[in-house]
Amino acid sequence: MKIYKIHYLLVLCSLLLLASCEKDGEIVVKNVKALKPFELRGYVVGDTLEQYFDGKKIRDYYGKAMLGTVRPELAFTNDEILMQFKNKRTKELVYEQKFSIKDADNVVPKFFYDGSKFSNKYEYPTAQGKDYLVNFYLDAPKGLEAVDIATDVLEYYIDANNQLVIVNVTSFPIAADLKPGKWTPYYTLTPPPTPNPTQAGTDFYPVITLKNSKTKKYVINDNAFDSSIQMEIPDQWTSQGKTQSMHILGKINSLKAYYFEVNDLVQY
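Here the sequence shown stands for residues -19 to -1, 1 to 249, where the numbers follow mature numbering (1 follows the signal peptide of the UniProt record, and there is no 0).
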């Protein structure tokens, strides 16, 4: 790893762009003229964005683009710093901004990048009346070629060990054969009806689930609850419409377990 990465990645802590370089194998720290607050917030789908400062690559962004809970700062060694975003795949320059030592704050305007267009917001239709509109974008690991999405009403009870036991699932399809890498059209969700119970002592709970389109099995543990994503579902008391745009990002954790990171771009 080059030495500048060690310093520049302090953006995740409290200091961004601690100016340093390497000369004859030795670390040389330049004089810092000023530290100024720095803010960045955006969202990226389709292609990864690379972030550069003064020509040096700092990090990649995909999904949420943010700087963490500790507010970072820019370290000025000159009067200006040039930040650039480039498409990682094509190396195309999609955005650049200069920050000045004279400015009290250095803020990157909120942005959305869809892999080809860089804009200041995510565009979506306004729901009419009580309509619940939703579209989906799937990023899945290799081996999961397509998914089916449905509203599943789970009939369940909680056992003596406080564990959820699903005794029956009633499914209402939303989308079939959703392939990774592109947005679906908008679908209108309707309140799912409550089925008749199959046994005494159970309750019902609606969820949005994902199944492997090829095997028709739930994508995580072949379990409806484990394979559900968090989003709002209308019910019989819904009085106001809503639009949701769900980016479903399949990931594998350090234990090699598959899970979803799901974000609603309308709310972000």
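Beta carbons are placed, not taken as given, at the ideal position from N, Cα and C, and that holds for glycine.
In this text, all values refer to a predicted model and were calculated from it rather than measured experimentally.
Inset, instruction - Taking 9 Å as the cut-off, decide whether the C-beta atoms of residue 91 and residue 22 are in contact. - result: Counting from 1 along the sequence shown, the entry for residue 91 is found at position 110. Counting from 1 along the sequence shown, the entry for residue 22 is found at position 41. For residue 91 and residue 22, yes; Cβs fall inside 9 Å.
Inset, instruction - Mind checking who residue 132 pairs with in its DSSP beta bridge? - result: Locating residue 132 in the sequence shown gives position 151, counting from the first residue. According to DSSP, residue pairing for residue 132 in a beta bridge involves 153 and 189.
Inset, instruction - Check residue 218 in the structure and name its three-state DSSP category. - result: Counting from 1 along the sequence shown, the entry for residue 218 is found at position 237. In this structure, residue 218 counts as coil in the three-state DSSP scheme.
Inset, instruction - State the Cα-Cα distance for the pair residue 189 and residue 124, rounded to the nearest angstrom. - result: The sequence position of residue 189 within the sequence shown is 208, counting from 1. The sequence position of residue 124 within the sequence shown is 143, counting from 1. Between the alpha carbons of residue 189 and residue 124 lies a distance of about 21 Å.
Legend entry - Neighbour-count burial assignment, residue 47, 16 or more Cβ in a 10 Å radius: Start at 1 with the first residue of the sequence shown, and residue 47 comes out as number 66. With fewer than 16 other Cβ atoms inside 10 Å of its own Cβ, residue 47 counts as exposed.
Legend entry - Continuous beta strand (DSSP E) assignments of at least 3 residues falling wholly in the segment 60 to 143: DSSP runs (the beta strand (DSSP E)) wholly in the segment 60 to 143: 61 to 68, 74 to 81, 92 to 94, 113 to 120 and 128 to 139.
Inset, instruction - Return the CA-CA distance between residue 241 and residue 18, expressed in angstroms with no decimal places. - result: Within the sequence shown, numbered from 1, the residue matching residue 241 stands at position 260. Within the sequence shown, numbered from 1, the residue matching residue 18 stands at position 37. Taking C-alpha positions only, residue 241 is separated from residue 18 by approximately 33 Å.
Inset, instruction - Mind checking who residue 56 pairs with in its DSSP beta bridge? - result: If you number the sequence shown from 1, residue 56 lands on position 75. BP columns for residue 56 point to 16.
Inset, instruction - Compute the Euclidean distance between the alpha carbons of residue 119 and residue 243, then round it to the nearest angstrom. - result: Position 138 of the sequence shown, counted from the first residue, corresponds to residue 119. Position 262 of the sequence shown, counted from the first residue, corresponds to residue 243. So the two alpha carbons sit approximately 10 Å from each other.
Inset, instruction - With residue 23 as the anchor, note down where its beta strand (DSSP E) starts and where it stops. - result: Here the question's residue 23 lines up with position 42 in the sequence shown. Taken as a continuous stretch (DSSP letters only), the beta strand (DSSP E) holding residue 23 covers 22 to 34.
Inset, instruction - Give the C-beta separation of residue 115 and residue 186 to the nearest angstrom, bearing in mind that I take them to be a contact with Cβ-Cβ under 8 Å. - result: The residue labelled residue 115 in the question sits at position 134 within the sequence shown. The residue labelled residue 186 in the question sits at position 205 within the sequence shown. Cβ-Cβ separation between residue 115 and residue 186: approximately 19 Å, too far for a contact (criterion under 8 Å).
Inset, instruction - Given a cut-off of 9 Å, decide if residue 228 and residue 245 are closer than it, judged by their beta-carbon atoms. - result: As a working note, residue 245 is residue 264 in the sequence shown. As a working note, residue 228 is residue 247 in the sequence shown. Their beta carbons are under 9 Å apart, which means residue 245 touches residue 228 by this criterion.
Legend entry - Simplified DSSP assignment, three categories, for residue 145: Locating residue 145 in the sequence shown gives position 164, counting from the first residue. Looking at residue 145 - three-state DSSP - the assignment turns out to be strand.
Legend entry - Cα-Cα separation, residue 194 to residue 45: If you number the sequence shown from 1, residue 194 lands on position 213. If you number the sequence shown from 1, residue 45 lands on position 64. Using only the alpha carbons, I get a separation of about 27 Å.
Legend entry - Contact set for residue 43: own chain, Cβ-Cβ below 6 Å, skip 5 residues either direction: Residue mapping note: residue 43 aligns to position 62 of the sequence shown, counting from 1. Excluding positions up to five away in sequence, the list reads 25 and 29.
Legend entry - Host beta strand (DSSP E) of residue 43 (start-end): Stepping through the sequence shown from its first residue, residue 43 is reached at position 62. Under the DSSP assignment, residue 43 falls in the beta strand (DSSP E) whose first and last residues are 37 to 47.
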